[in-house]
Structure formats: C-alpha cells, structure tokens
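Visitor: In order, the protein sequence lines correspond to chains A and B. Okay, so the first sequence: first residue is 501 according to the numbering used here, each after it adds one. Okay, so the second sequence: first residue is 501 according to the numbering used here, each after it adds one. Beta carbons: idealized from backbone N, C-alpha and C, even for Gly. Structure below; questions to follow.
Number of protein chains: 2
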Amino acid sequence: MTDLEATARNDPPWRERAVSRSLNAARSRAELRVQRFLDAAFELIDEKGTTEFTIQEVIDRSQQSLRGFYQYFDGKDELLLALFEETLREATDDLRSVAESEEAPIDALRAFTIRLYEWCDPSERPRRRSTHSRRPIMDFAVQLTADYSERVKAALAPIARMMVQLVDAANADGSITVPDVRRAAAIMQQTVMYSWFGKGLAENVRTRLSAEATWEFCLYGLGAPRER
Amino acid sequence: MTDLEATARNDPPWRERAVSRSLNAARSRAELRVQRFLDAAFELIDEKGTTEFTIQEVIDRSQQSLRGFYQYFDGKDELLLALFEETLREATDDLRSVAESEEAPIDALRAFTIRLYEWCDPSERPRRRSTHSRRPIMDFAVQLTADYSERVKAALAPIARMMVQLVDAANADGSITVPDVRRAAAIMQQTVMYSWFGKGLAENVRTRLSAEATWEFCLYGLGAPRER
DNA sequence: GCCCGAGAGGAAACGTCGTTCTCGCTCGAT
DNA sequence: ATCGAGCGAGAACGACGTTTCCTCTCGGGC
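The following block contains the structure:
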C-alpha cells in the first residue's frame, strides 16, 4: 500500500498527465455516447407521447449498438431514471431562477408554486423554453417511485428544499402562518405537483384546475389572511 | 321482422321461461367464474403487494383455464380495470355511509375527507373492514388512467359527485366560503386522493402527512374562518 | 512487420409474458 | 347413437428486455 503510494508519488508528472488525458478522452467519449442515447430517447418520447419506446428504437435512432447500450445503462429503467433526473435538474434550475427574481418571500413562493405547477401540468405551454414534453416522464415517475424511491427522492430533494426555504421565509415575515414549516411545504409540494393527475379526470374544461386556483387554495390553506 | 316478432309473441310461455331459466343459469355460472378470477387476482395482489402477477398465476390459483380467462376478459387490463372498479364500488358505499352518519354539512365533509384519505393512503389501517390492501390497485390506477381515462372517470364519478354535494352543502350553510363549488370539490378530491404519492417521498416520518393535517389544510383552503 | 488483447458492432439466442390457436374430451339435446 | 357447443390443456406465437457469442478492428508491445 505504502509502496504503491510512494510509486504513485514518484511517477513523473508527464505520465500522470498522459493517463489523465487518456482518461479524460475516454470519459468525454463515453459522455458523448451516453448523451446520444439520452437524446434519442427524448426524441422518441416526444414523438410517441409515451415512455413505451423499445430499446431497439433507441439503438436505431442513436446509431449505436445494443451492446453499447447495456455497457452504459444497466437496463431500460436506468435510462428512464436518467431522463427523469435530467429533467428534474432542468426544472430545479428554472425554478431557482424564478424564485430568486422575486423580492418579497410571498411573491417568491407564489412564482415558484405556479412555475412548479406548469412544469407538472401537461396542458400548460408555459414561458419556459421547453425543448420537449416532459409529460410522459412525469407520468412514468410514479412507477419509478415504486421501485427506486430513494433515487426519486434524491432527485426531488432540491425542489423540496427550496419549497421549505420559501415557506419558511414567508412564514417568518408573517405573510402566512403555519404551525409546521416542513409539513406545510410537503403538502404544498404534493398538492401542486400531483395536480396533473386530474388531467383525464376532470369531467369538463370548466372544472379543470388552473395554476392560479391551485395557488389560491394553497395560500389560504397555509394560513394567509383572507381579503374581504 | 314482423313475422319474427309475431312468432316470438306466439311462443308458448313455458319456452320463454325455459330459455330465461337457462340464461339465468348460464349467467350465474358465468358470474361465479368471473368472481373466481377476481378473488384469485385480489389474493395475488395481497401476497405480492403489486399488480405484477401473471395471468398464469391467476389461472392456477382460480383453478380455471387460460381459455376461460380470455373468454371473460379481453386481457389483463380488463381484469385490472374490473378490480379497480370493484374497489371503487366498495369505497363509494363506505364513504356514503360515513358521510350520512354526520349531521352538520361541515362534519360530513370532514368525515368523508378523512375516510377518503384513508382509502388512498396505504400506511393507514383504518376502521373500515378492509379485507385486503387496495394499495397496488390505486398505484396502478394511474397507468389505467392513461389508457382508459373514460372508464376511470366513470368509476370515480360517484365519489366526485358526493364531494361536490358535500362541498355545496357546507358552502350553503356558511361553514366554508368558496367561489366555485365544483372547482373547490375538484381540488379537494385531488389533494386528498393523490396524497399517497408522497409515500416514498417524505424524507422522514415527521414530515409525512396525516389525514388530519390534510383536512386542515383543505379546510382553510376552502375558506373556513380560522380560529384564533 | 507481426501479434495480441481490449473494445465495439452485429446478430442470434434466451426468458418472460400476454395472447391466440388447436386438439380432444365431455355432456346434453335430438 | 350422434352431433355440436363448451371447455380444459397445452403448444405456439409475438413482443421485448436482456445476455451471449462471434467477429472485426485498432493501437501498442515484441
């Protein structure tokens, strides 16, 4: 062990650099190929409107080999999980910037909430520069949750954390009044995020919920003083 | 056509009775066999905690033939849909009786809401005499919604209708104040029913939402006066 | 210049499942 | 006794995810 460390330390710098360069090359090559798979899968989801594409289609579209696919992904689930995590990463960045663009805590919470709603609701065509529909991925997330709750939880954690912070800030300055910040943030997130399940269930367009209606409901639920 | 009708009308009564009896026998025999399939599927779901049983298992358990299965069901989806509808029928009856046992509209709404929450939340072991876990079916309902939104909607309609009535009554007597009853009922139903998705997502037990917390959140969201 | 081994592509193969098909038995009516 | 409908049993099929195997290639060491 110590010998190995010593050897490593005594390696001429050029060797280290060379190895590193080789590794970097390999890494970027690998990342490129992974990205090709992801892009192909996103395209297929857009076209079909569902996550029910076949591996073969991904292979054909990305012009890579089945063997290569299984070299980079443990299976289809891993691919879908990667798509999900990628989508949530985008959403998180977007939500952060939206919330930060507001001054008052209650306004930030409102902006954050409405944008979160838009990310989850398929019928919305919001302001964000959405390159493709994430709807099928959000749908599939439910199934992912069943088998990979830890990873889904981890992917959702940044959004959950932001929600807690925003509720806490609004609670601190008196805009809202909640007994338990974390609990309130949880129910808030849940109400907003899972609102899209009501999609096919609303009997008519009139009763379909809007982002605004959801926000108001939450606002009073959080104990905001009601205007008369 | 007229001839046929005349013939039918002139048929001796005994023939009609005989046919009817035969049909009744066939019907009850068929219903029995369908029930065997349903029971077997329920058992499998209970044991495995998922709807991912195979048709073969249902066949084996119900001691019937694959051929028979496809004679009664168009496929696995139809079976799952039947289980879902059966479950909702039970839930609807239960919810109705719970709501009717309360006098004041707001109390009825509260009782209804909390019981509905319990029906959807897997972790709850409520007062109802639940013979088996409906959790996997509720999970799968999301996928069913994607392909059979009409049938899911229809199965959910009675519950939705009750929710509207209860919100309307509570709104009428001033317990709550909502601008749009149908809309309020919709968000209410959604918030309560889909709360179980937060299952794997809550980071710890403390932030996990209870039926009571959900009810309170909704109550104020619906515009109930807040006690100070 | 030659060889060798890692890596990648292609395709065949496998296992699981849902679904369909076919064969043969049984039973009740004529 | 016979015929036909109904039904059980199981083979077979097709779709897919996944694994495996064979082959080719390419870069580095002898």
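#1: Given Pro-513 of chain A, which residues of its chain have a CB within under 7 Å of its CB, disregarding the five upstream and five downstream residues?
#2: Could you compute how far the alpha carbon of Ser-633 of chain B sits from the alpha carbon of Thr-587 of chain B?
#3: Here's the rule: buried if 16 or more other CB atoms are within 10 angstroms of the residue's CB, otherwise exposed. What is Ala-729 of chain B?
#4: For Asp-673 of chain B, name the three-state secondary structure that DSSP assigns.
#5: Quick one: grab the DSSP three-state call for Phe-542 of chain B.
#6: Roughly how far, in whole angstroms, is the beta-carbon of Ile-734 of chain A from the beta-carbon of Ala-670 of chain A, given that I think they are within contact range, below 8 Å?
#7: Please confirm whether any heavy atom of the ligand GTP lies closer than 6 Å to the CB of Glu-650 of chain B.
#8: Output needed for Ser-732 of chain B: all residues of its chain with C-beta closer than 6 Å, excluding positions within five of it in sequence on either side, in chain order.
#9: For chain B, check one thing: does any of its Cβ atoms lie closer than 7 Å to the Cβ of Leu-709 of chain A?
#10: Give a yes or no on contact between the segment 591-609 of chain B and the segment 549-557 of chain B, applying the rule of three or more CB pairs nearer than 8 Å.
#11: Identify every run of the alpha helix (DSSP H) within the segment 543-575 of chain B, keeping only runs that are complete inside it and at least 4 residues long; order them along the chain.
#12: What does the Cβ neighbour count give for Tyr-570 of chain A, buried or exposed, with the cut at 16 atoms within 10 Å?
#13: List the endpoints of the continuous alpha helix (DSSP H) containing Glu-603 of chain A.
#14: Within its chain, find whatever has a CB closer than 7 Å to the CB of Ala-713 of chain B; leave out the 5 residues flanking it on each side and keep chain order.
#15: So the candidates are B:Gly-674, B:Phe-697 and B:Glu-600; which of them puts its Cα closest to the Cα of Pro-636 of chain B?
#16: When you compare only the Cα positions, how much space is there between Gly-721 of chain B and Gly-674 of chain B?
#17: Where Gln-665 of chain A and Thr-691 of chain A are concerned, what is the direct C-alpha to C-alpha distance, given to the nearest angstrom?
#18: Return the residues of the segment 538-566 of chain A that lie within a Cβ-Cβ distance of less than 9 Å from chain B, sorted by chain order.
#19: What is the residue span of the alpha helix (DSSP H) that Gly-721 of chain B lies within?
#20: Just curious, the alpha helix (DSSP H) that Phe-642 of chain A is in, first and last residue?
#21: Could you confirm whether any beta carbon from chain A is found closer than 7 Å to the beta carbon of Tyr-720 of chain B?
#22: Can you check whether the C-beta of Thr-592 of chain B is within less than 7 Å of a C-beta belonging to chain A?
#23: Can you tell which of A:Asp-574, A:Arg-529, A:Arg-567 and A:Leu-579 has the C-alpha that lies nearest to the C-alpha of Ala-540 of chain A?
#24: So the alpha helix (DSSP H) Arg-682 of chain A belongs to, where does it begin and stop?
#25: For Asp-639 of chain A, which residues in chain B fall below 7 Å Cβ to Cβ?
#26: Whose C-beta lies closer than 7 Å to the C-beta of Leu-652 of chain B among residues of the same chain, with five residues either side of it excluded?
#27: Closer than 8 Å by C-beta to Arg-536 of chain A: which residues in its own chain qualify, once you throw out the five before and the five after it? Chain order, please.
#28: Spatial neighbours of Ile-659 of chain A within its chain, please: C-beta separation below 8 Å, excluding the five flanking residues on both sides.
#29: Secondary structure at Ala-724 of chain A, three-state DSSP: helix, strand or coil?
#30: Suppose you measure from the CA of Tyr-572 of chain B to the CA of Arg-682 of chain A; what does that come to, to the nearest Å?
#31: Going straight from the alpha carbon of Val-678 of chain B to that of Ala-604 of chain B, what length do you get?
#32: Can Ala-684 of chain B and Val-667 of chain B be called in contact, C-beta distance under 7 Å?
#33: DSSP three-state call for Val-678 of chain A: helix, strand or coil?
#34: Arg-708 of chain A by DSSP, collapsed to three states: which one?
#35: Would you identify the three-state DSSP class for Asp-621 of chain B, choosing helix, strand or coil?
Guide: Quick look at the numbers:
#1: With a pLDDT of only 49 at Pro-513 of chain A, under 50, the local geometry of the prediction cannot be trusted, and no value is derived from it.
#2: 10 Å
#3: Only positions 501 to 728 of chain B appear in the structure, and residue 729 of chain B is not among them; the question remains open.
#4: coil
#5: helix
#6: Nothing about residue 734 of chain A can be reported from this structure: the residues present for chain A run from 501 to 728 only.
#7: This structure does not include the ligand GTP; it has no bound ligands of any sort.
#8: In the structure displayed, chain B extends from 501 to 728; residue 732 of chain B sits before or after that span and is not available.
#9: yes
#10: For the pair of segments examined, the segment 591-609 of chain B was found not to touch the segment 549-557 of chain B: the number of CB pairs separated by less than 8 Å stays below three.
#11: 555-562 and 566-572
#12: Answer is exposed; the Cβ neighbour count stays below 16.
#13: Counting along the chain, Glu-603 of chain A falls outside any alpha helix (DSSP H), and DSSP gives it neither H nor E.
#14: none
#15: B:Phe-697
#16: 14 Å
#17: If you take the alpha carbons of Gln-665 of chain A and Thr-691 of chain A, they lie about 17 Å apart.
#18: Thr-550
#19: Taken as a continuous stretch (DSSP letters only), the alpha helix (DSSP H) holding Gly-721 of chain B covers 711-721.
#20: Checking the sequence shown, residue 642 of chain A turns out to be Val, not Phe. Element bounds for Val-642 of chain A: 635-647.
#21: yes
#22: no
#23: A:Leu-579
#24: 681-693
#25: Neighbours of Asp-639 of chain A on chain B, chain order: Ala-646.
#26: The residue asked about is misnamed: residue 652 of chain B is Val in this sequence, not Leu. Setting aside the 5 residues that flank it on each side, Val-652 of chain B is surrounded in the same chain by Ala-641, Leu-644 and Thr-645, each with a C-beta closer than 7 Å to its C-beta; the list follows chain order.
#27: Ser-562, Gln-563 and Gln-564
#28: Result list for Ile-659 of chain A: Leu-588, Ala-591, Thr-592, Leu-595, Leu-616 and Gln-689, in chain order.
#29: coil
#30: Whole-angstrom Cα-Cα distance: 49 Å.
#31: 17 Å
#32: yes
#33: coil
#34: coil
#35: coil
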